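Numbering (UniProt numbering), first residue to last: 1 to 895.
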DNA sequence: CTTGGGACGCTCT
DNA sequence: TAGAGCGTC
């Protein structure tokens with residue numbers, strides 16, 4: 001499992017301090033935060049699946065105590081634990097939608113990111129942090145007496161090989177007294193050159209643990225989520241350590257303990273050996289445990305495997321892993337896929353198009369969101385598919401370059417790629433039956449390129465808008481924004497880090513510093529700048545809220561965790577003493593101090609774990625955290641709703657999204673800035689965000705939310721999303737249209753298909769190969785908002801069989817929708833096609849729909865409503881409308 | 001209808 | 001570089 005990733009040099013094998021932060025049963029925590037009433041109850045998250053109560057993908061600790069595990073079905077969990085809360089992951093486009101958890105993961109990562117630029121997001125709920133710099137810095141500070149470890153930071157800390165953290169601390173303090181105490185042993189195990197690092201290993205890991213404690217406290221405080229952490233010299237060990245004490249704990253894996261730890265560690269536990277390769281290794285070497293690998297020489301291992309893997313194994317079996325923590329915040333690709341097992345195999349062209357449409361729709365949504373957040377566009381797309389070829393499952397993937405894209409083009413590209421790479425695409429003699437059934441479909445996009453720097457781009461947009469405004473109100477010209485802002489001297493991450501801890505210590509020294517008080521980084525000159533440490537998105541959301549609600553709520557940015565009480569610390573005392581003794585060796589008082597600290601730790605730990613068991617303090621903590629977190633006083637439910645509104649539903653944002661994408665062509669014509677010529681990296685993106693001033697964000701918001709000239713026009717608040725709308729018929733209508741379109745996309749599509757399928761049953765056609773909808777049928781499941789609509793569409797779509805439909809050809813049927821004669825065998829496919837077509841029209845033609853409204857309003861006979869569901873759609877919600885602009889029009893004309 | 005499915009990264013050729 | 005395939009969560 002050698003990897004081509006970046007590696008640090010072998011000399012630093014014990015120099016780094018790496019942290020793995022792993023969220024505890026993350027999906028459950030997200031649900032608990034969203035539904036406070038579930039807190040403290042056994043809870044599991046199930047992936048919606050009607051078969052036996054759905055598949056469990058996450059279990060909280062209360063439920064684990066009852067024996068509920070992942071891989072169980074919801075029903076089994078209920079048997080074991082009748083009072084369990086089963087949360088379903090939301091379903092969108094008939095697929096599990098995990099965006100809620102992705103967003104939550106990003107929220108956490110935003111906190112983590114403040115602690116080091118070397119942050120590698122490994123998955124939605126895991127991240128590696130290289131905190132070597134911080135640890136080094138603290139080491140120096142310890143020597144100057146400016147930093148001191150304090151015992152209460154280590155209460156939830158464990159060290160592998162030690163019964164409790166106090167013993168580990170004792171060991172370290174003893175080494176303070178005698179730095180070379182283990183050298184005899186060390187010299188047998190380690191290279192001479194490594195001895196300095198080896199000697200410092202334990203204390204540096206311990207400092208790492210104190211950082212970890214602060215990281216976790218910050219995460220808890222700012223997001224409400226709990227996590228576990230591993231502290232070690234490299235990623236693999238940190239990962240191993242993190243799993244050893246959970247939940248809400250952290251574990252150090254001391255260098256000297258790795259060997260004995262590996263003696264009983266199954267090979268498969270090591271990242272990279274969990275799969276096939278791990279099995280091969282065990283078989284080839286005839287071993288089970290990691291520690292057994294050390295018996296083989298590097299050459300032997302290279303011979304049995306290959307050169308790279310041999311070396312990798314050789315090192316990893318000694319706890320050496322040089323893989324660097326590679327900064328990565330955003331994913332490199334965005335993809336989604338779906339299986340079509342058994343009867344759900346896609347057998348027809350129209351079905352294929354339908355599902356490609358669904359996947360593309362998701363991809364497109366996520367691309368738009370990603371564009372807003374990360375200002376980048378995908379340059380490549382890949383379609384993956386598994387075909388049934390003579391009973392064999394054959395997987396393929398084909399890629400194509402992407403220039404401009406929207407949902408339709410993604411569908412088209414995908415289909416073209418599949419067609420072009422399938423020998424016989426359609427079954428001979430049929431216009432729509434696939435020759436090879438499709439069992440799996442996936443679309444992913446990647447090779448992102450930054451469009452332009454966020455700052456410049458947004459300011460350009462702002463400038464455009466401002467220019468338009470100027471044209472409209474010439475008597476009161478709007479000042480164009482300054483595109484070239486005076487650049488402040490760049491704050492390096494290191495500098496920020498340093499100031500962070502400098503501040504930490506300053507705060508610590510204040511006697512009156514409240515344990516839970518917020519403190520703002522004194523280096524941040526303005527509140528806005530302090531806020532810029534938040535993620536772009538959070539910031540953006542916040543601004544939106546503020547703008548929308550016109551009442552600004554100051555959100556304090558928490559930059560430090562509980563300050564240490566300086567004077568209490570043992571190390572501080574110890575070091576002072578060391579200084580005064582100036583190199584003289586062990587003094588009798590040392591051992592007393594050591595004893596005292598160990599006892600103190602024990603006492604604290606005992607007290608703390610009692611609190612934890614009772615779960616009272618944790619609970620209140622969490623609750624108050626939730627209330628503080630970005631909620632502006634709204635209950636978590638409302639926060640969730642609001643977030644959704646802000647991201648997807650609010651008028652301004654939708655306009656922004658669409659316009660942003662569509663405007664890109666024009667933006668690309670602009671000369672490239674220096675920034676744009678740089679290679680695109682996620683990290684750079686962050687720097688841009690961090691270092692750009694607050695102005696661009698204001699312009700961003702200005703752009704995202706149409707400037708409604710509230711000075712000229714009275715506004716009212718939308719009761720759905722809280723946005724301010726001009727109190728005027730057209731704008732209101734436009735805004736409601738938007739909400740309605742959202743509703744349509746969410747509810748209508750699946751209902752519609754459901755009802756069509758019922759219609760199909762009535763006409764007793766053969767079962768459609770479409771995957772069955774899991775929703776309960778009938779009007780009961782239809783929201784009030786859409787019920788009348790759905791019915792009308794259903795009537796329209798579920799075609800009644802006509803007597804004269806059979807043509808002279810007994811194998812032909814007439815389609816009740818388009819009157820075309822279709823082969824009977826192809827009819828289900830054909831009807832699918834109509835459904836897909838209709839859905840796409842509805843979803844993509846909001847503009848048309850709105851325009852049609854004016855026409856349909858005057859003469860809406862029932863017959864027309866049946867024929868033109870679009871019109872019905874609109875008139876349902878717009879009885880008072882009198883012609884209107886689309887949202888986009890509204891925006892681009894800028895009032 | 002299945003021992004989770006999907007999403008993502010990485011590696012080898 | 002593309003495509004196949006693996007590993008991990």
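The C-beta atom is built at its ideal place from N, Cα and C for all residues, glycine as well.
All values derive from a computational prediction rather than experimental measurement.
CB of residue i within 8 Å of CB of residue j, strictly
| i | j | result |
| --- | --- | --- |
| residue 359 | residue 338 | yes |
| residue 109 | residue 119 | yes |
| residue 154 | residue 99 | no |
| residue 426 | residue 435 | yes |
| residue 215 | residue 371 | no |
| residue 161 | residue 9 | no |
| residue 84 | residue 68 | yes |
| residue 208 | residue 17 | yes |
| residue 369 | residue 448 | no |
| residue 250 | residue 264 | no |
| residue 157 | residue 213 | yes |
| residue 910 | residue 248 | In the structure as shown, the chain begins at 1 and stops at 895. Residue 910 is therefore absent and cannot be evaluated. |
| residue 194 | residue 14 | yes |
| residue 393 | residue 386 | yes |
| residue 277 | residue 319 | no |
| residue 898 | residue 252 | Here the chain has residues from 1 to 895 only, and residue 898 is not among them. |
Whole-angstrom distance between residue j and residue i, CA atom to CA atom
| i | j | result |
| --- | --- | --- |
| residue 326 | residue 55 | 34 Å |
| residue 19 | residue 418 | 43 Å |
| residue 267 | residue 273 | 6 Å |
| residue 107 | residue 223 | 7 Å |
| residue 202 | residue 172 | 7 Å |
| residue 6 | residue 230 | 21 Å |
| residue 410 | residue 400 | 10 Å |
| residue 340 | residue 367 | 24 Å |
| residue 430 | residue 82 | 53 Å |
| residue 316 | residue 293 | 9 Å |
| residue 122 | residue 25 | 16 Å |
| residue 801 | residue 351 | Unreliable positioning characterises residue 801 in this predicted model, as indicated by a pLDDT of 28, which lies under 50. A coordinate reading is not provided. |
| residue 322 | residue 314 | 12 Å |
| residue 131 | residue 291 | 28 Å |
| residue 333 | residue 445 | 6 Å |
| residue 331 | residue 443 | 15 Å |
| residue 77 | residue 310 | 44 Å |
| residue 390 | residue 428 | 15 Å |
Enclosing beta strand (DSSP E) for residue i [first to last residue]
| i | result |
| --- | --- |
| residue 361 | From DSSP, residue 361 is part of no beta strand (DSSP E) but of the alpha helix (DSSP H) over 349-374. |
| residue 132 | Looking at the DSSP string, residue 132 is not in any beta strand (DSSP E); the run it does join, the alpha helix (DSSP H), is 132-144. |
| residue 435 | 433-450 |
| residue 157 | 157-159 |
| residue 121 | 119-123 |
| residue 43 | 43-47 |
| residue 335 | 333-339 |
| residue 896 | Not covered by the structure: residue 896. The range shown for the chain is 1 to 895. |
| residue 21 | 18-23 |
8 Å contact criterion, which residue i and residue j should meet: CB distance rounded
| i | j | result |
| --- | --- | --- |
| residue 348 | residue 433 | 6 Å |
| residue 53 | residue 46 | 7 Å |
| residue 255 | residue 169 | About 16 Å; that fails the 8 Å criterion. |
| residue 346 | residue 438 | 4 Å |
| residue 124 | residue 93 | That pair is no contact at about 19 Å. |
Boundaries of the alpha helix (DSSP H) in which residue i is found, first to last residue
| i | result |
| --- | --- |
| residue 418 | 407-420 |
| residue 28 | 26-34 |
| residue 303 | 298-304 |
| residue 149 | Premise fails: residue 149 is in no alpha helix (DSSP H) and is neither H nor E. |
| residue 426 | No alpha helix (DSSP H) holds residue 426; DSSP gives it neither H nor E. |
| residue 307 | 307-316 |
Residue i Cβ short of 7 Å to the ligand NAP heavy atom set
| i | result |
| --- | --- |
| residue 12 | Although the ligand NAP was asked about, the structure shown includes no ligands whatsoever. |
**Request:** Identify every run of the beta strand (DSSP E) within the stretch 173-241, keeping only runs that are complete inside it and at least 3 residues long; order them along the chain.
**Result:** 227-232
**Prompt:** Which runs of the beta strand (DSSP E) fall wholly inside the stretch 52-116 and span at least 3 residues, in chain order?
**Reply:** 55-59 and 85-88
**Request:** Mind listing, in chain order, the continuous alpha helix (DSSP H) runs of no fewer than 4 residues lying wholly within the stretch 242-289?
**Result:** 258-263 and 276-285
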